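Student: Below you will find the structure I want to go over with you.
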Amino acid sequence: MFIYLNFCFCALLSQTKTGIALLYDEVSENAYDIRLKLTKEVLTIQKQDVVCVSGSDHSANHRTVTLRRQPVGGLGLSIKGGAEHKVPVVISKMFKDQAADQTGMLFIGDAIMQVNGINVESATHEEVVHLLRNAGDEVTITVQYLREAPSFLKLPLGSPGPSSDHSSGASSPLFDSGLHLNGNSINTAPSSPSSPIANEPKYEKRWLDTLSVPLSMARISRYKAGTDKLRSNAFEVLALDGVSTGILQFYTAQESADWLRAISTNISDLTLQNVIHMGWVHERLEGTDSSQLYKFKFLALKGSSFYVFSTPPVSTLDWVRAEKIYNLCEVLFKIHKLWLADDCWLQANLYLGIHQDFDLEDHRPYCFSVMVGHGKSHYFNVELCSELAVWEKSFQRAIFLEVQRTGSKTYMCSWQGDTLCFTVDFALGFTCFDSKTKNVLWRFKFSQLKGSSDDGKTKVKLLFQNLDTKQIETKELEFQDLTAVLHCIHSFIAAKVASVDPVFIDSQSIARKYMYSN
C-alpha cells in the first residue's frame, strides 16, 4: 500500500530535465546530436551553433580565419568527413594552446568551406587533407558551423579542450586526419602564433533553442507510423497543434525510458484539470486485418461520463461533440496484456461475468479494453506500464465516485409480458417493482446475490439466497441492453465492497501488482 501511494505522489510532480539525445532523420537515415530541455510546460530542442558574443556585429555563419603553422603541432587540429561520405569535412579535434585553438574563432564541428580561397565544399577527405598539408605556413580557411553533424562522425560535444596527440594513420571519413604535425613548409623558421586580433569579433559555441513543443494535451508515440513496430530507444512527441519533435533517439534503453516517463508525467499533470483523468491512447481500428492498425484517440473521465475524442476538448462546447460518450456506471475496464519481459506476456482477465472474444495476436504491450453497452467494446494500447496502472486506477475511482454520487440506477425490463422496473441502489441493493402500480415485487441486498447467468443477448437469471429459508430464489428478467445492466451491477457491487474494505481497490489492480513485482 505504501509503495503505491508513493508512486502516485511522485507521478504528480512535474519534472525538469536536461540531456543529450539524437534527432533521427527518416529520409536521410542520419541522426544528429541535440540537447533536450524539459520544463513543466514545454519540451525544447536545442542545437549547437557558434555565435558572435562581442566585437563586430557581422554574422557568425561564415568565419574566415588565418592559421600560422607551428613547428611543433602544425595547424593544431584534426578533421573528419568528406564528399564521398555525403558530409562536408569538419574539424573533429582541436589541441589546446596550438594554432587553431589560439585563434579563438574555430570550434569542433566547424565545416571547412574554403582553403586559401579554394572552395572545398564538395571535396573528398583526401583532397582537403592534401590541400591543408601543402598550403604553406599561413593557411586561410573559411568555416561554417555544421549544426546537423551526423552522429556517425562522433564529434565531441561542448567546448574544445585538451586532446591526445593520437591520430589515425589512415585518412578515413570515420577517423581523424591529424593536422597537428608539420606539413610541407617552405620556411623552417618559427612562425608567430595564431592569435585573435583585438578588434576582431569573439565567438562562442552555445546551445540554441530551435523548437519548443507545448506539452498540454500533447501525445507520445514509440511506434513507426502505420505499424505495430516499436522504435528502438526512440519516440516522437506531438503537440496539440500538430508540431512534432521528430524522432528522438537515445543511446540506451534506460535513457529512453527515463525521458519517456518524465515527459509523460508532465503531459499528464498539465492535462488533468477538473477531471479524474484524461490523455492520449492508441485505439485498434475495427475490422482491421492482421496488421492491426491503430489510431490516436483522446480519452477523458469526467463527471458521470467516459469520453472518446479524436482531438482533445479545448472548449466547453467540445465536450458535447465527443465521438462517444458513455455513462461510467455502465462500462467495464479490462486489462488484456502486460509486458513483463522481452518475450513474456501476461494476458489478464479481470471480469468473468461476460464472455468476450478478443483477438490478441498483435504485438503491442500494455493493452486494455473498455466494454460498453450492447456488447460493444473499445480496445486501447498505451506506451508505459505506469500509464496502464494509472488508467486502471482512474477508471476504478471514476466509477466508484459516480456510483456514490448517483446512488441508484433504474432500468425498464420485462418478464412474461409484464413491464417492470429494476433498480440497483447503493444502500438498498436490488429492487424490482411494477412500472404502473409501483408495487415492490421483490428486494434483495447485495450480499444475497449468489450467482447469475445470461443468454448473451437480453435475458438474465439472478440467483438470490432467502435470508429466512436459506433457499436460492431465481429471478428472471429481460432487458433491452443487458450488457449495460450487468456492467452497472458489477460497478455497484465493486463500489459497495470498496466502501467497506479500503484495500479492495489495490487488491484488484493487475497492472500495479506486476509493475512493482518487476
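Going letter by letter, the sequence shown gives residues -21 to -1, 1 to 497 in mature numbering (1 follows the signal peptide of the UniProt record, and there is no 0). Beta carbons are placed, not taken as given, at the ideal position from N, Cα and C, and that holds for glycine. A quick note: this is a predicted structure, and the numbers were derived from the prediction, not measured.
(1) Identify the residues that DSSP records as bridge partners of alanine 213: which are they?
(2) In this structure, what does DSSP give as the bridge partners for glutamine 440?
(3) Threonine 402 and threonine 389: beta carbons closer than 8 Å?
(4) Let's test the definition: count the other Cβ atoms within 10 Å of the Cβ of leucine 160 and tell me whether it reaches 16, buried, or not, exposed.
(5) When the Cβ atoms of the region 18 to 30 are set against those of the region 47 to 66, are three or more pairs found closer than 8 Å?
(6) Flag this pair as yes or no: are the beta carbons of leucine 132 and valine 66 separated by less than 8 Å?
(7) Please classify asparagine 200: does DSSP put it in a helix, a strand, or coil?
(8) Tell me the rounded alpha-carbon separation between tryptophan 394 and tyrosine 345.
(9) Look at the alpha carbon of valine 254 and the alpha carbon of aspartate 207, and state the distance between them as a whole number of angstroms.
(10) So what does DSSP say about serine 191, is it helix, strand or coil?
(11) Spatial neighbours of tryptophan 370 within its chain, please: CB distance less than 6 Å, with the 5 preceding and 5 following residues excluded, ordered by chain position.
(12) Between which two residues does the alpha helix (DSSP H) containing serine 365 stretch?
(13) By Cβ distance below 8 Å, which residues in the same chain neighbour leucine 420 in space, the five residues on each side in sequence not counted?
(14) According to DSSP, is proline 139 part of a helix, a strand, or is it coil?
(15) Just to confirm, is the Cβ distance from isoleucine 87 to valine 99 under 8 Å?
(16) Mark tyrosine 230 as exposed unless 16 or more other C-beta atoms lie within 10 angstroms of its C-beta, in which case mark it buried.
(17) Could you pull the start and end residues of the beta strand (DSSP E) that glutamine 81 belongs to?
(18) Please classify glutamate 8: does DSSP put it in a helix, a strand, or coil?
(19) I'd like to check one pair, glutamate 362 with leucine 239: are the Cβ atoms closer than 8 Å?
(20) Between the beta-carbon of threonine 244 and the beta-carbon of glutamine -7, is there less than 8 Å?
(21) Which residue comes first and which comes last in the alpha helix (DSSP H) that contains residue 505?
(22) Can you tell me where the beta strand (DSSP E) holding glutamate 309 begins and where it ends?
(23) Exposed or buried, what is histidine 353 when buried is set at 16 or more other beta-carbons lying within 10 Å of its beta-carbon?
(24) Taking the alpha-carbon positions, what's the tyrosine 3 to isoleucine 13 distance?
(25) Per DSSP, which one or two residues make a beta bridge with histidine 256?
(26) Mind the definition here: the region 432 to 449 touches the region 371 to 389 only if three or more C-beta pairs lie below 8 Å; say whether that holds.
(27) Count the other CB atoms within 10 Å of the CB of histidine 41; is the residue buried (16 or more) or exposed (fewer)?
(28) Along the chain, where does the beta strand (DSSP E) containing serine 478 start, and where does it finish?
(29) Start and end of the alpha helix (DSSP H) containing glutamate 106?
(30) Flag this pair as yes or no: are the beta carbons of leucine 456 and valine 439 separated by less than 8 Å?
(31) What residue from Lys184, Ile97, Arg112, Glu366 has the CA that sits closest to histidine 261's CA?
(32) Could you check which residue in Val216, Thr453, Glu302 has the C-alpha nearest to that of leucine 194?
(33) Apply the 10 Å Cβ neighbour rule to aspartate 36 and answer buried if 16 or more other Cβ atoms are within range, or exposed otherwise.
Tutor: According to the structure data:
(1) Mapped onto the sequence shown, residue 213 falls at position 234. Paired residue(s): Gln228.
(2) Position 461 of the sequence shown holds residue 440. It should be noted that the sequence gives lysine, not glutamine, for residue 440. Lysine 440 pairs with Ser432, Glu455.
(3) Here residue 402 is taken as the residue at index 423 of the sequence shown, counted from 1. Here residue 389 is taken as the residue at index 410 of the sequence shown, counted from 1. Yes; because the gap between Cβ atoms is below 8 Å, this pair is in contact.
(4) Walking along the sequence shown from the start, residue 160 turns up at place 181. The predicted position of leucine 160 is uncertain, since its pLDDT is 43 and thus under 50; no value can be drawn from it.
(5) no
(6) The residue labelled residue 132 in the question sits at position 153 within the sequence shown. The residue labelled residue 66 in the question sits at position 87 within the sequence shown. Contact: yes.
(7) In the sequence shown, counting from the first residue as 1, residue 200 sits at position 221. Residue identity differs from the one stated: residue 200 is serine in this sequence, not asparagine. Residue state, collapsed to three classes: strand.
(8) The residue given as residue 394 occupies position 415 in the sequence shown. The residue given as residue 345 occupies position 366 in the sequence shown. Rounded to whole angstroms, tryptophan 394 to tyrosine 345 spans 42 Å at the Cα level.
(9) What you label residue 254 is simply residue 275 of the sequence shown in a count that begins at 1. What you label residue 207 is simply residue 228 of the sequence shown in a count that begins at 1. About 31 Å.
(10) For the purposes of this step, residue 191 is identified with residue 212 of the sequence shown, where counting begins at 1. Residue state, collapsed to three classes: strand.
(11) What you label residue 370 is simply residue 391 of the sequence shown in a count that begins at 1. Within the same chain, tryptophan 370 has no close Cβ partners at all.
(12) What you label residue 365 is simply residue 386 of the sequence shown in a count that begins at 1. Where serine 365 is concerned, the enclosing alpha helix (DSSP H) stretches over 364 to 385.
(13) Position 441 of the sequence shown, counted from the first residue, corresponds to residue 420. Excluding positions up to five away in sequence, the list reads Leu399, Cys411, Phe412, Asp413.
(14) Working through the sequence shown from its first residue, we reach residue 139 at position 160. Bear in mind that the predicted position of proline 139 carries a pLDDT of just 39, short of 50, making it unreliable; the figure below should be weighed with that in mind. Coil, per DSSP.
(15) As a position in the sequence shown, residue 87 is number 108, starting the count at 1. As a position in the sequence shown, residue 99 is number 120, starting the count at 1. No; because the gap between Cβ atoms is not below 8 Å, this pair is not in contact.
(16) What you label residue 230 is simply residue 251 of the sequence shown in a count that begins at 1. Under this definition tyrosine 230 is an exposed residue.
(17) The sequence position of residue 81 within the sequence shown is 102, counting from 1. From DSSP, glutamine 81 is part of no beta strand (DSSP E) but of the alpha helix (DSSP H) over 78 to 82.
(18) Locating residue 8 in the sequence shown gives position 29, where the first residue counts as 1. Reduced to three states, the DSSP call for glutamate 8 is coil.
(19) Working through the sequence shown from its first residue, we reach residue 239 at position 260. Working through the sequence shown from its first residue, we reach residue 362 at position 383. Contact: yes.
(20) Position 265 of the sequence shown holds residue 244. Position 15 of the sequence shown holds residue -7. Contact flag set, yes.
(21) Past the edges of the chain, shown from -21 to 497, lies residue 505, and the structure says nothing about it.
(22) Within the sequence shown, residue 309 is the residue found at index 330, counting from 1. Where glutamate 309 is concerned, there is no enclosing beta strand (DSSP E), given that its DSSP letter is neither H nor E.
(23) Start at 1 with the first residue of the sequence shown, and residue 353 comes out as number 374. So histidine 353 counts as exposed.
(24) Stepping through the sequence shown from its first residue, residue 3 is reached at position 24. Stepping through the sequence shown from its first residue, residue 13 is reached at position 34. Looking at the two C-alpha atoms, the distance is approximately 10 Å.
(25) Here residue 256 refers to the residue found at position 277 when the sequence shown is read from its first residue. Partner(s): Leu280.
(26) no
(27) Residue mapping note: residue 41 aligns to position 62 of the sequence shown, counting from 1. When all chains shown are included, histidine 41 counts as exposed.
(28) In the sequence shown, counting from the first residue as 1, residue 478 sits at position 499. Unbroken run through serine 478 is the alpha helix (DSSP H), 461 to 479; no beta strand (DSSP E).
(29) Position 127 of the sequence shown, counted from the first residue, corresponds to residue 106. 104 to 112 is the span of the alpha helix (DSSP H), which, as asked, contains glutamate 106.
(30) In the sequence shown, the residue the question calls residue 456 occupies position 477. In the sequence shown, the residue the question calls residue 439 occupies position 460. In this structure, valine 439 lies closer than 8 Å to leucine 456 by Cβ.
(31) Stepping through the sequence shown from its first residue, residue 261 is reached at position 282. Comparing Cα-Cα distances from histidine 261 to each of Lys184, Ile97, Arg112, Glu366, the minimum goes to Glu366.
(32) Within the sequence shown, numbered from 1, the residue matching residue 194 stands at position 215. Closest option to leucine 194, Cα to Cα, is Val216.
(33) Indexing the sequence shown from 1 puts residue 36 at position 57. With a pLDDT of only 49 at aspartate 36, under the threshold of 50, the placement of this residue in the model should not be trusted, and no figure is reported.
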